[in-house]
Structures are given as structure tokens and as C-alpha cells.
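Report on one structure; see the data block that follows.
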Amino acid sequence: MAGRIHGKKGQIKMDPAGAPGTAATAVADINAFTIDMSTDTVDVTALGDTNKQYVQGLPDYKGTLSGWWNSATSPALFEVILGGGKPWLVLIPDTSEPTFLFKGLAYLSGSIDVSATGAVSISGDWVGAGNWVMEP
Amino acid sequence: MPPDSSAIDEAIVQALRADTLLTSYMPDGVWVDEAPANSKRFVIVSLVEEVDPQGFDGRAMEDAVYLIKAVGLKSTNPNMRGAAVRIDTALNDQPLSVSGYQSMVIFRENRIRTTEIDDIDNTIRWYHRGGRYRVVIST
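Right, dumping it as C-alpha cells:
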């Protein structure tokens, strides 16, 4: 089923205990996530070079998540955020192809946006708290 | 299977029909989009716009704006002011229970007050009064 895909079947799974494996369950009411894998570069340009040159460092693993506040599900997410632990995250671009994913330990932070003219939404950031991998 | 969105329309209509003062002011009834022929004092509910905010787990909510107004023929001396008050009382910030849905908010975003001159007989006047109501309901 290779091809370009829509994001409506994305998914974030989480195990608050931080255990790699199958214990991670879907986080409800999420509507977006991002993964930033930008890589550090260091300028090593020398006299005589005809253009700037760089050497590459490690890729980052961090990103954002967002969704809708739901009193049935969101408090559990914020308990993890406020708990300060390192949950195990699995980020899946399309659950129709669930073997294509990114996973690892993370630190989470979050916020809630409440407006008199709109739905209550939640958002947050995550950063890698261990070595992340992309599968397959 | 997603819930039946038409149940939201129906809940609004039923809430208005349940208001006995409103139906006394507008005895020709509460209708979606158009009233029966020869109606002279009635309430119209029309869906103006609607969007479905999404989540990864499907449709997260439905966000709709309805035009809800009393319509009265001038010659029948309709109580337009009273009707508009009753529409607002019946709907604004009121809990509406809709099968298949969870929490809901409904509030007026702006009000409507116009006089329509009949295209053919310009001695005939129709009064319109009510408002645009936003309904946000989670699935």
C-alpha cells in the first residue's frame, strides 16, 4: 500500500511507565504530531576552500503534539506530563501501515488553550530521552 | 459508525417547539429551511455552515452555525420582539441532549433583524428577527 498518504490516520501510542514493547496504548483525542530530526552541522571552512564546508553531528529527535481536551482522556496525558517521567512513545504516521513508525523514550511538556470562542485544545512538546529508532 | 448529524437539527427544532410562549407568538410552527404554504407567523431553522474538526481517532466534534429566526407577516401584527426573546431563551447556553453525542454548547454569535418587502406587492412586509447560533458538539 505504498504511496502518498493523508495524516488523518496518524497515531501516538504511549506507555507512561517507559517500557519498550507492546504495552503502549493509543493516546486519545490527538490530531497532530511532528518529528524534528534536524542535524547539527559545524562550519569547518578553511582558507583556500571555494565554498563553505560543514561536518555533520547527530540528528535531533524532538517534536510537538496537539489535540482536543477531553475530560475523559486528557487528564491521564497531563498526569504523565506533570509526572516528569520518561514515557515510551510510538509515533505512527498512518495506522494503515502500522509497521512504519518512530519510537523511543521522551520527556513531555504540555499546555491547554481555552478560548471563549473555540474548542478547548491541548498541545505539547516532546524531546528524546533515549535513543530513538525509525522502523522498519 | 458516526452519530446522525441530523439529530442535532432535530434537537434544536424540538427545543423551540417545546417553548409554548414561542409557539403562541409564532403559531404556524418551527420548520427547517422553509415553512408550509400560507404560513404567516413561524420560525425557521437553517444550517448556514458546518465544519468537522478531526482527530486521529476520527471526527472529534461538529461545529455548526444555524440561522434561527422568527418570520412574521406585518398584517398579522406578530410579536417579533417576544419571539426573538423566546428563541434566545430556549437555546442560548442551554443544554441540548442529542443521541450519540457528548457535551454540547450553543450560543448566539450575532442577531438578525430585517424587514423584507414583498417583490410583487410592495405593500406587504415580512419581519425577520432572531440570530445566528453556533453549536459545537463532541462525538
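Going down the list, the sequences are from chains E and V.
For the first sequence, the numbering used here begins at 141 and goes up steadily by one.
For the second sequence, the numbering used here begins at 483 and goes up steadily by one.
The C-beta atom is built at its ideal place from N, Cα and C for all residues, glycine as well.
query: Proximity to V:PHE538 [Cα-Cα], best of E:GLN151, E:ALA163 and E:GLU219; result: E:GLN151
query: E:HIS146 versus V:ALA566, V:GLN536 and V:MET483, residue with shortest Cα-Cα distance; result: V:GLN536
query: Start-to-end residues for the beta strand (DSSP E) that takes in V:MET562; result: Taken as a continuous stretch (DSSP letters only), V:MET562 belongs to no beta strand (DSSP E), being part of the alpha helix (DSSP H) at 562-573.
query: Neighbour flag for V:PHE538 against chain E, beta carbons, 7 Å; result: yes
query: Spatial neighbours of E:PRO199 in its chain, beta-carbon cut-off 6 Å, leaving aside the 5 residues before and after; result: MET177 and THR179
query: Cβ-based neighbour list, V:ASP575, same chain, cut-off 8 Å, excluding 5 preceding and 5 following; result: VAL587, ILE588 and PHE589
query: Which of helix, strand or coil DSSP assigns to V:LEU638; result: Within the shown structure, residues of chain V are numbered from 483 to 621, placing residue 638 of chain V beyond reach of any answer.
query: is_contact[V:ALA542, chain C] using C-beta, thresh 7 Å; result: Annotation note: the requested chain C is absent from the structure, which comprises protein chains E and V.
query: Proximity below 7 Å, CB of V:GLU532 to CB of V:ALA546; result: yes
query: Beta-carbon proximity list for E:ALA212, same chain, < 6 Å, skipping 5 on both sides; result: none
query: Enclosing beta strand (DSSP E) for E:PHE173 [first to last residue]; result: 170-176
query: Sequence-distant residues of the same chain with beta carbon closer than 8 Å to V:PRO577, five excluded per side; result: MET586
query: Three or more C-beta pairs below 8 Å linking the stretch 222-237 of chain E and the stretch 186-202 of chain E; result: no
query: Contained beta strand (DSSP E) runs [length at least 3] in the stretch 195-266 of chain E, N- to C-terminal order; result: 202-208, 228-232 and 241-253
query: CB contact below 7 Å: E:TRP208 versus chain V; result: yes
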